[in-house]
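Residue numbering for the sequence shown follows the numbering used here, starting at 9 and increasing by one per position. Cβ atoms here follow ideal geometry from the backbone N, Cα and C, with glycine treated the same way.
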Amino acid sequence: MEQRETEAVDVLIAGGGPAGLSAALVLGRACKRVWLCDAGARRNAAATHIHGFVTRDGTPPEEFRRIGREQLAPYDITFREEQVVTVTPLGGENGFHVRLEGGTQVRARRVLLALGAVDEPPALPGMREAWGHSAFQCPHCHGWEIRGKAWGVLLDSVPLVDFAIMLTGWTRNVTAFTRGTFALPPEARERLTMAGVRLETGPLERLLVEADGVLRGAQRMDGTVVPLDALFLKPKQHLPPLVRTLGLALDDAGYVRVSPQCETSIPGLFAAGDVTTPVQTAMGAAYQGALTGWTMVHGLNIHAEPPHP
Ligand SMILES: Cc1cc2nc3c(=O)[nH]c(=O)nc-3n(C[C@H](O)[C@H](O)[C@H](O)COP(=O)(O)OP(=O)(O)OC[C@H]3O[C@@H](n4cnc5c(N)ncnc54)[C@H](O)[C@@H]3O)c2cc1C
């Protein structure tokens with residue numbers, strides 16, 4: 009691979025979703041030189057609108073990112089549509105050596121991983137077509153538009169009973185599907201019954217989904233159908249490969265462990281957004297990105313490190 013001359017920046021941000029864009033805004037406005045590298049699938053690629061983000065409720069995700077980038081134009085921020093492939097700590101206050109997939113080398117005093125997380129919806133036929141259109145991960149994001157309708161929820165473990173019951177705040181018409189994956193304890197069944205959540209324990213054949221991702225129902229193995237307008241689930245996730253290659257400390261849930269200021273187990277290397285938490289929203293990611301920016305600026309200015317040559 010072609011080796012390019014090393015660029016020197018104050019901060020390199022890997023990931024240009026809400027967390028990365030928000031950090032870039034704070035850093036740019038603090039006179040920092042920033043590279044923002046973003047490439048690969050964004051987490052909410054299948055969604056048509058972002059909801060619950062103040063001033064941006066109902067904005068398509070691409071438009072959200074376009075506005076974010078546009079508002080960074082006045083600042084010393086360089087966008088690269090390239091994957092960050094390696095981040096190597098140089099020790100002490102020497103910062104990091106970063107390599108992009110095209111071969112460009114960057115020396116950065118601080119690095120932010122705003123890489124997002126990768127969903128793994130279950131291999132249920134129809135799920136891929138419905139995901140983001142009528143199968144959702146979060147009722148706060150997509151519940152209002154379909155309140156009062158027939159909702160299903162995939163109940164893959166006992167802790168998700170709370171999630172199923174919470175959905176009844178948007179509609180009284182909720183059916184929970186265990187799909188034969190585990191035996192629900194009697195007390196959990198009782199709680200669902202008390203909350204008015206119907207329970208289906210048998211396996212499902214498929215989701216019935218129309219061409220535009222509109223859900224019509226969940227088909228049982230005997231061919232009968234539970235009519236549904238939407239399905240909620242908490243899919244498994246994995247973190248982007250860069251996290252693993254760095255050997256960062258993870259929390260018990262498998263997300264990057266960070267300090268209250270979003271610093272990882274490697275000093276000077278920060279992480280923000282979905283990569284750090286299972287509680288994942290655009291607003292939360294943007295806040296963490298901003299917090300990271302403030303922390304970095306404080307550290308860089310207070311330590312008054314000499315700028316890169
Ligand atoms: C279907 C769906 C709908 C959603 N709807 C809503 C909603 O309505 N409201 C809401 O608040 N939240 C919603 N969310 C959650 C929201 O999208 C996330 O919480 C938010 O996008 C997280 O922001 P982030 O910046 O952490 O990560 P992301 O937005 O995922 O951005 C990370 C970026 O980093 C890139 N990247 C990964 N690895 C590298 C690398 N090595 N180098 C360079 N770039 C890299 C990725 O390709 C991606 O573009 C939804 C999620 C899903 C799945």
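Beyond the five residues adjoining it in sequence on each side, A238 comes within less than 8 angstroms, by CB distance, of S142, A143, F144, H150, I154, K157, A158, W159, G160 and L223 in the same chain, given in chain order. Per the coordinates, the alpha-carbon of Q269 lies some 20 angstroms from the alpha-carbon of G255. Beta-bridge annotation (DSSP): I21 is paired with L44 and L120. Boundaries of the alpha helix (DSSP H) harbouring Q296: A290 to H311, taken from the DSSP string. By the criterion of a C-beta distance shorter than 6 angstroms, R187 is surrounded in its chain by P211 and L212, once the five residues flanking it on both sides are discounted.
Using a 10 angstroms sphere on the CB of W152, the tally of other CB atoms stays under 16, which defines it as exposed. Each of A47, S165, L216 and N181 was checked against the Cα of L192, and the nearest Cα belongs to S165. In this structure, G140 has its beta carbon less than 6 angstroms from a heavy atom of ligand 1. For F61, no beta strand (DSSP E) segment is defined, and its DSSP state is neither H nor E. For T201, same chain residues with a beta-carbon under 8 angstroms away, outside a window of 5 residues either side, are L207 in chain order. For R224, the uninterrupted beta strand (DSSP E) segment begins and ends at L223 to R228. About 6 angstroms separates the CB atoms of I58 and R64; that is less than 8 angstroms, so the two are in contact.
Between the region 80-87 and the region 95-114 there are fewer than three C-beta pairs closer than 8 angstroms, too few to call the two in contact.
For V42, the shortest separation between its Cβ and any heavy atom of ligand 1 does not lie below 6 angstroms. In the three-state reduction of the DSSP assignment, E15 falls in the strand class, which pools E and B. Under DSSP, P133 forms no beta bridge with any residue.
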